Amino acid sequence: MRKIACLVVVTFVFAMMFSSSAFSARKTVIKIGINAPLTGDIPKVGEGSKYAAMMWLEDIEKLGGLEVGGKIYDVELVIEDNESKAESAVKANTKMITQDDVLAIVGPQSSKQAVPAGEVANKYKTVMISPWSTNPNTTLDRPYVFRGCFLDPFQGPVVANFITEEFGFTKAAVLYDVASDYPKGLAEVFKEAWEKKHGAGSVVAYQSFTTKDTDFSSQLTQIVKSGAQVLFTPQYYNEVPLIVKQAKDLGWKGPIVGSDSWGSAETVELCGEPCYGQFFSSHYAAAGAKGATKAFIDRYTATYGYIPDDVAALTWDALLLAQQAIQNTGKITGRIETDRTAVRDSLAKIKNFAGITGNMTFTDEGDPIKCAVIVKINDKGEYEFYKSSCP
Amino acid sequence: METARKFKNMFSTVPILGWLLGILAAVLIEYYWGYDYISYYLGLPKIPVLFGALIMLKNPMMIPGAIGYDLVVYVIPVLLIAKTTAFFTNPLAAMLEKTPLWLSAIVHLIFFYGVLHLWAGINDYRVLIVKLTLISIILTISINVINGYQGEFSCSHPGFMALGAYVSSIITLYFFVNDKIFGIAVLPPALGPWLFPFALLAGGVAAALGSLLVAIPSFRTRGDYLAIISLAFMFIVKSAVENLNGIGGARGMGGQPDYAPLPIIFIWTMLCIWIVHNFVSSIMGKALNAVRDDEAASESMTVKTRKTKMTAFTFGAFWAGIAGGLFAHVLAYINPGMFSINRLAEILAMVYFGGLNSIVGSIVGAVSINVLGEALRPLELFKWIIIPLILILVMIFRPYGLISFKEINAKQLLRSKFKREQGA
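So the protein sequences, as listed, match chains A and B. Numbering-wise, the first sequence is residues 458 to 848 according to the numbering used here. Numbering-wise, the second sequence is residues 1217 to 1640 according to the numbering used here.
Now the structure itself:
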């Protein structure tokens, strides 16, 4: 017994000493963290982020690494699951920053994770780019936190203007989820913008429901009765099909307009026919895209079998932004704190970055100035570019 | 088996003090040589944060390195130091045994905290895990008072937690911080950390008052009915906060000052363990068990069942409120969605996994669910298959949880192991 134990220990020690990893000097590797909801309420969002990140890594590996200041560095992705929970996102960020020594973080996507996670990133002076979070608090007073999308205070007026110009309507109805941060915020912004244009009381129905409700008939009956000409509903892909179908069943004739949360591929799949011909504002339109955007969409579709939604596109842009910022620093010192600050400074200086979701320049708050796209769901159920609206 | 028994015998003479000393040595080794020498020669990129669990699951090539690290840094030094220092830790423990129990317990706790602080201090990720685990311990113990000692099935704990979190956050934000919701701080921010305990207590009291809302209409019901009423309460709290725009509504409330560093949370956790232990071993605690086992019989034996149940319920809610307040100040952000059905599932999992009617069980449950959740992180989706599977197995083989119906015996735990060696 004792002999065997001794033998095992000795073999183990020898194996360790001669294994390739032992005694090897620690290399400087550029690590990028991905903080995504791979499990939890919105796994599709996490999947899109992960796939986009993997495609990016593939590109870098094809080039043999990332070139910074004439030297090639290996790149590693650290993908962490935030379970769609705030404290898990905080844990994931803390782990990536203090344990994995990431140079920059992309994610989390939803505001309820991005707001607390941004606090951590800012505390440890590490760049964090949230591709999808639209809550102003994510980047507010946080020099190290950036985002890849426009904010609600911009999107609301864009939709209001579009409806006014396109249809000439003056009476609107709003249906939104009062318990969810994003729809509620956007509904408020839209109402404000609409009433500024058409006078007080021009939002004739302002109805709400609570997350996970599936029956909207009482709210929709009110809306139909109110005499509204258009319905605005900034909801997610799991609610939009129900709302649209129930509205049609209750005799709603006017158009239904949505926001960028409609952008998931699932919306049309679940909704089908009733959603055709509706409009929503978004970050990009997949059908009829050109240039780099088209190349990205085609490649993603070929690899993963479905058309990427806006989260994937925004994540891709965020990664390219991070890459650009790292390359612009001109040199990796290997001292992680210095490098992180250098990346932050060069990211803030980027002007007119040509992303696949539009050109971006950051404001002092770390929010990009970029255009919104109005997308029409065409008769084939594709998201077609209709119009773009710039600040 | 024979070797295992021999092994166990060999270390049966080591008192708690000895083990602590061993762990201290291990942590010091990690602190001074962990990064530069040991993990370097083992080919590890950094000090493995959770005994190498994360790194092993992420990259199987690292398994020998991580195991080697655990052996060199933890297992061997702990065993070696614990055994070799037994000659003086035993007399030391015997000396402490002669002092009052509280003194000896405090000395041990201070020592334990020092080791924990040093271990966690190596990496901020560890600090965060330890903080959240300690808060989970408070939560689990507090729900054990209701679901274990009182034998009810209450589902409103996330609601109590939310009350505590919001009330204490409102107080600290209003008085000590310049923020967007409440404007300029009313009191000088320097006072904040000193008055923070009062904010926490206020959160706890708010939760206790909230629990009265559940207790008064439902004290006549038991079992399923109480479960439904308390579940409803949880949703009422969540919806109420969502519709209160003054405190952030669904957007949540952020910017809480960092008043909850590790030592503060540790002190609150120890206070919770001590007070709950005293509560459940008091006459009231015994009456609680009597009510659980047979309400009619205990009523006829002069137990005031109504008062007993109400007290225990508010008491449990109070500690949930404290936990909520600490939680809010660790994350520096709360929103109503955090205190929903997911949180309830987590709390219930911890208490039923660890063991009903036992403080040790609650600690074991909270620590193991938290550490498992963190250690299995690299598995992503499979984590949610493995943890429930473990829960199911525990429920099949130990229906009341891992360590149920057992109390801490501090005196026995802390005593010197000298006498046993002499064959007494």
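Think of the CB as a built atom: it goes at the ideal place given N, C-alpha and C, for glycine as much as any other residue. Being a predicted model, the structure only gives us computed values, none of them experimental.
Beta-bridge analysis with DSSP links A:F736 to A:V714, A:K833.
Here the C-alpha atom of B:L1233 lies approximately 33 Å from the C-alpha atom of B:D1474.
Bridge pairing for A:Q664: A:L632 [DSSP].
Contacts between B:V1265 and chain A, judged by CB atoms closer than 9 Å, involve K552, T555, Q556 in chain order. For A:V697, the enclosing alpha helix (DSSP H) begins and ends at 697-706. In the structure shown, A:Y530 adopts extended strand secondary structure according to DSSP, grouped into three states.
Burial check for A:C847: the Cβ neighbour count within 10 Å stays below 16, so the residue is exposed. Membership of A:S721 in any beta strand (DSSP E) is not indicated, and neither H nor E is assigned to it by DSSP. For A:T818, DSSP records a beta bridge to A:I826. Distance check between B:K1454 and each of B:I1557, B:P1615, B:R1508, B:Y1290 places B:I1557 closest, using alpha-carbon atoms only. Distance between A:T671 and A:K702, taken at the CA atoms: about 11 Å.
Beyond the five residues adjoining it in sequence on each side, B:A1591 comes within less than 6 Å, by CB distance, of L1266, A1269 in the same chain, given in chain order. Straight-line spacing of the CA atoms in B:D1509 and A:D634 works out to 45 Å.
When 8 Å is used as the limit between beta carbons, A:N579 is near no residue of chain B, the shortest such separation being about 11 Å. Contact annotation for B:M1554 against chain A: A543 [CB-CB distance below 7 Å, chain order]. Not a single C-beta of chain B is nearer than 9 Å to the C-beta of A:E822. Distance from the Cα of B:L1355 is smallest, within the candidate group B:I1601, B:V1576, B:I1538, for B:I1538.
At least one CB atom of chain B sits nearer than 9 Å to the CB of A:D538.
Judged by DSSP in its simplified three-state form, A:F607 adopts coil rather than helix or strand. In the structure shown, A:I813 falls within a coil segment according to DSSP collapsed to helix, strand and coil. Within the stretch 1338-1352 of chain B, the residues whose Cβ lies closer than 9 Å to any Cβ of chain A are, in chain order, N1339, D1340, Y1341, R1342, V1343, L1344, I1345, L1348. Per the Cβ contact rule, the stretch 729-744 of chain A is not in contact with the stretch 548-558 of chain A (fewer than 3 Cβ pairs under 8 Å).
Per DSSP, the unbroken alpha helix (DSSP H) holding A:I517 starts and ends at 500-519. Residues V584, Y601 of the same chain have their beta carbon placed closer than 6 Å to that of A:R801, with the five preceding and five following residues left out of the count. Secondary structure at A:N539: coil, using DSSP grouped into helix, strand and coil. In terms of Cα proximity to B:T1521, the closest of B:T1437, B:N1225, B:L1607 is B:T1437. Of the candidates A:L688, A:D766, A:D821, A:D766 places its Cα closest to the Cα of A:E841. Taking A:Y581 as the centre and dropping the five residues before and after it, the same chain places the C-beta of I554 closer than 6 Å to its C-beta, in chain order.
In the three-state scheme derived from DSSP, where H, G and I count as helix and E and B as strand, A:L597 is classed as coil. Ranked by how close their Cα comes to the Cα of A:T820, the residues A:L560, A:D609, A:L597 have A:L597 in first place.
About 7 Å separates the beta carbons of B:K1622 and B:G1577, which is inside the 8 Å limit, making them a contact pair.
Contact check for A:I783 against A:L523 passes: the beta carbons are separated by less than 9 Å. At a cut-off of 9 Å between beta-carbon atoms, B:W1600 makes contact with chain A. Neighbours of B:A1336 in chain A, taken as residues at a C-beta separation under 9 Å, are lacking, since the least C-beta distance is about 11 Å. Within chain A, V635 have C-beta atoms less than 7 Å from the C-beta of B:N1459, given in sequence order. Bounds of the beta strand (DSSP E) holding A:Y840 are 840-846.
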